Amino acid sequence: MSSCFQTLSDYGLRSIGYGERLLPKSDITLCEQFVLIGSGMIWNIYFAVLALLLGFFFATVLALGKNSNLSLFSAPCRLFIFIFRGSPLFIQFFFAYDLFVLLPRLGFDIDLGFLVVTVETRWLTKAWLGALIVLFFNTSAYAGEIFYGALRAVPSQDLESADAFGFTGIKKFRRIIWPTMLRLAWPSYTNEAIFMFHATTLVFFTGFPAWQQKGDAIYYASYFADKTFNPFVPYPIVGFYFVLLTLLIIGLFGFINRRLNKHLPTNERKRLRFNKYNLIR
Amino acid sequence: MFSYCADPKTLEGLMWLSCYVTTAKHMSFYFSFLVVMGLLSLAAPLAMAFGFAGATASRSTFRIIRSLGKGYLAMIRGIPDIVFFLFIPIALDQAFEYLRHKVLCSDVTEPIRQGNDFVVCTAAKLPLNTASEWVHDIYGFSLALLAFGFVFGAFAGNVLSGAMAAVPKSQIETGEAYGFSQSQIFRRILIPQMWIYALPGLSNLWMILIKATPLLFLLGIEDIVYWAKELGGIKTGVYEYPHPDWRAWYFGVLMIFYLSLTYLSQSVLDKISARLSQGQATMAGKAG
Numbered sequence: 001m002s003s004c005f006q007t008l009s010d011y012g013l014r015s016i017g018y019g020e021r022l023l024p025k026s027d028i029t030l031c032e033q034f035v036l037i038g039s040g041m042i043w044n045i046y047f048a049v050l051a052l053l054l055g056f057f058f059a060t061v062l063a064l065g066k067n068s069n070l071s072l073f074s075a076p077c078r079l080f081i082f083i084f085r086g087s088p089l090f091i092q093f094f095f096a097y098d099l100f101v102l103l104p105r106l107g108f109d110i111d112l113g114f115l116v117v118t119v120e121t122r123w124l125t126k127a128w129l130g131a132l133i134v135l136f137f138n139t140s141a142y143a144g145e146i147f148y149g150a151l152r153a154v155p156s157q158d159l160e161s162a163d164a165f166g167f168t169g170i171k172k173f174r175r176i177i178w179p180t181m182l183r184l185a186w187p188s189y190t191n192e193a194i195f196m197f198h199a200t201t202l203v204f205f206t207g208f209p210a211w212q213q214k215g216d217a218i219y220y221a222s223y224f225a226d227k228t229f230n231p232f233v234p235y236p237i238v239g240f241y242f243v244l245l246t247l248l249i250i251g252l253f254g255f256i257n258r259r260l261n262k263h264l265p266t267n268e269r270k271r272l273r274f275n276k277y278n279l280i281r
Numbered sequence: 282m283f284s285y286c287a288d289p290k291t292l293e294g295l296m297w298l299s300c301y302v303t304t305a306k307h308m309s310f311y312f313s314f315l316v317v318m319g320l321l322s323l324a325a326p327l328a329m330a331f332g333f334a335g336a337t338a339s340r341s342t343f344r345i346i347r348s349l350g351k352g353y354l355a356m357i358r359g360i361p362d363i364v365f366f367l368f369i370p371i372a373l374d375q376a377f378e379y380l381r382h383k384v385l386c387s388d389v390t391e392p393i394r395q396g397n398d399f400v401v402c403t404a405a406k407l408p409l410n411t412a413s414e415w416v417h418d419i420y421g422f423s424l425a426l427l428a429f430g431f432v433f434g435a436f437a438g439n440v441l442s443g444a445m446a447a448v449p450k451s452q453i454e455t456g457e458a459y460g461f462s463q464s465q466i467f468r469r470i471l472i473p474q475m476w477i478y479a480l481p482g483l484s485n486l487w488m489i490l491i492k493a494t495p496l497l498f499l500l501g502i503e504d505i506v507y508w509a510k511e512l513g514g515i516k517t518g519v520y521e522y523p524h525p526d527w528r529a530w531y532f533g534v535l536m537i538f539y540l541s542l543t544y545l546s547q548s549v550l551d552k553i554s555a556r557l558s559q560g561q562a563t564m565a566g567k568a569g
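Each protein sequence line maps, in turn, to chains C and W. With our numbering applied, the first sequence closes on residue 281, and no number is skipped along the way. With our numbering applied, the second sequence closes on residue 569, and no number is skipped along the way.
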């Protein structure tokens, strides 16, 4: 048991570069598999949480843009959503990585007049930034479509009441439209969040290299499966971690869902039920 | 391909390009698009079969079968599909070899798992070492196909069991009142009526299946992703057709391929949905 604590301190943060440098090569124990795969989960959580947080706001912008009467706004939003929803994320990763590689390596200066910003393009070829950008765009497109659907479903009476009370512009959006849109979209958005976590497993299988073997959960799992020639241990461990994570997301999003529905009479409240139609990205 | 392609070093411009895009490797690249189409056309019915079995099992009156069915439908919610794509082909391969080892080489007493190795006798290897290359290709493709069928079967099972639950209760009660047996109700009432409820979910599933096809690359199959990487990489002067890093272009072509495929599918599915909604007591039916 004490050796397992030793493993934990050696490999617990291995995926972000702390602890033992060499990965276990022979006599791989169950403990090592659990610890190292768990360490890889740090990357999955990092990618998904940041992409979802940033994507949430961009998705709202995309939904409003797509809903706009001006084709100057709606056309680019439609195109963006179509491109990222219509093509496989796997190909998007490859495409983006190869584009980033083609950019000048050393970075270039952007002269803003009062200040010169040096853009470090070489960071774009690293997973922590490059893959994050792809995931951010991808989740924004999916969530944008969900929000757009919800925006179209906001009851017209709500809007009329808002007009009658003299709400206009930003205030009308922030107080009336946005909360209702979120409430209607929330079950689907929860689903999108779950699939975003699942999608992070693709990152290190595409062009983005796992530098110094700092990879995500499934990177280590496939490493163990290759080394031990036994897929029956590492993959169920990844499955176990992701089931835990999924339950956590459902709990958290269920809590937010209850807040969003708080003002409704009890019989009209929608519980966050995992509608079977609604399960797929 | 063309007669003037004999010495590519002397060619320029469009002539060079026409020779470049018709090399034997490019032909394999074009063929791999057909492999994607083949996978789609085989995986879709297989997934429907798995899904139908799963959905039916999850409604079974036997407890064990019901929990097996429910477990199958639930697992896909928590675990990323890539885990299954990586796990199932190796697991199946080892399971097949293990069984063949037990049957064909029953005299070998050494354990199969020796430390970090999985050792079966030569006769139990799948495919046999002596088998020709296309047998290896077909075997690998079949394992991948089974993985797709299994994962998308779980998705389809969720859609179908939702659709079965959406068929109005009164329809089933009417069947019971007329003295239908349970299997008659299932075949004559539930199945014919569930499709309209299943359609949105199944269309969505078809789009996801299209977008999952590049994952073939993870299973070690020489698919479009493999060839795009291979052909697009930097080719130095030792190659017949030297060029800089063109991978972004090749993956751009793949993006366009998938975008047109999903666009086309979406317009066909919209038509089917409009057709099936005609005369239904729904908003879409009344509008049309």
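C-beta atoms are modelled at their ideal positions from N, C-alpha and C, and glycine is treated no differently. These numbers were taken from a predicted model, which means no experiment stands behind them.
When only Cα atoms are considered, K450 (chain W) and A338 (chain W) end up about 19 Å apart. For F532 (chain W), the secondary structure class from DSSP, reduced to helix, strand or coil, is helix. For T337 (chain W), the uninterrupted alpha helix (DSSP H) segment begins and ends at A305 to A338. Apart from sequence neighbours up to five positions away, the residues of its chain that approach V416 (chain W) with a beta-carbon distance below 7 Å are P408, ordered along the chain. In this model, Y420 (chain W) and S484 (chain W) are separated by some 29 Å (Cα to Cα). Interface residue (Cβ-Cβ distance to chain C less than 8 Å): Y539 (chain W) is classified as such. Of the other Cβ atoms in all chains shown, fewer than 16 fall within 10 Å of the Cβ of D388 (chain W); this residue is therefore exposed. Checking the DSSP bridge columns, you'll see Q395 (chain W) partnered with W:D398.
A straight-line Cα-Cα distance of about 8 Å links Y219 (chain C) and G40 (chain C). Excluding its 5 nearest sequence neighbours in each direction, D288 (chain W) has no C-beta neighbour in its own chain below 6 Å. Residues of chain C with a Cβ closer than 8 Å to the Cβ of R340 (chain W) do not exist, since the nearest Cβ in that chain sits about 13 Å away. For H198 (chain C), the nearest beta carbon of chain W is closer than 8 Å to its own beta carbon. The criterion of a C-beta distance shorter than 8 Å is not satisfied by L471 (chain W) and M488 (chain W). Scanning the stretch 188 to 228 of chain C from its first residue to its last, the whole alpha helix (DSSP H) runs of 4-plus residues come out as 217 to 228. Taking each of C:V49, C:K25 and C:L99 in turn and checking the Cα distance to G514 (chain W), the smallest one comes out for C:L99. For M536 (chain W), the chain C residues whose C-beta falls within less than 7 Å of its own C-beta are S87, I91 and F95, listed in chain order. For H524 (chain W), the pairing in a beta bridge is given by DSSP as W:K516. By the C-beta criterion, the stretch 227 to 234 of chain C is judged to be in contact with the stretch 22 to 30 of chain C, since at least 3 inter-stretch pairs fall below 8 Å. Judged by DSSP secondary structure, Y235 (chain C) falls within the alpha helix (DSSP H) whose first and last residues are P234 to L260.
The beta carbon of K172 (chain C) lies closer than 6 Å to those of A162 in the same chain, with the five residues before and after it left out. If the five residues before and after D362 (chain W) are omitted, its C-beta is found closer than 6 Å to the C-beta atoms of V432, all from its own chain and listed in chain order. When Cβ-Cβ separations below 8 Å define contact, A529 (chain W) makes contact with chain C.
No residue range can be given for H263 (chain C), since it is assigned to no alpha helix (DSSP H) and is classified by DSSP as neither H nor E. In this structure Y353 (chain W) is buried. Its beta-carbon is surrounded by 16 or more other beta-carbon atoms within 10 angstroms. One thing to note: F147 (chain C) has its Cβ no nearer than 8 Å to the Cβ of A51 (chain C). In the DSSP assignment, I83 (chain C) falls within the unbroken alpha helix (DSSP H) covering S71 to G86.
Spatial neighbours of R183 (chain C) in its own chain (CB-CB distance under 7 Å, excluding positions within 5 residues in sequence) are listed in chain order as L260 and N261.
Within chain W, L367, F368, I371, A372 and Q375 have C-beta atoms less than 8 Å from the C-beta of P231 (chain C), given in sequence order. The CB of L102 (chain C) comes closer than 8 Å to the CB of D526 and A529 in chain W, given here in chain order. Put simply, the backbone Cα of K516 (chain W) is about 22 Å away from that of F283 (chain W). Judged by DSSP secondary structure, E160 (chain C) falls within the alpha helix (DSSP H) whose first and last residues are S156 to A164.
For the pair Y46 (chain C) and S188 (chain C), the Cα-to-Cα distance works out to about 22 Å.
Counting along the chain, L13 (chain C) sits inside no alpha helix (DSSP H), nor does DSSP assign it H or E at all.
Sequence-ordered contacts of the stretch 209 to 229 of chain C with chain W read I218, A221, S222, A225, K227, T228 and F229 [C-beta pairs closer than 8 Å]. I16 (chain C) places its beta carbon less than 8 Å from that of K214 (chain C). The residues A328, G332, I357, L486 and I489, in chain order, have a CB closer than 8 Å to that of F436 (chain W) in the same chain once the five nearest residues on each side in sequence are set aside.
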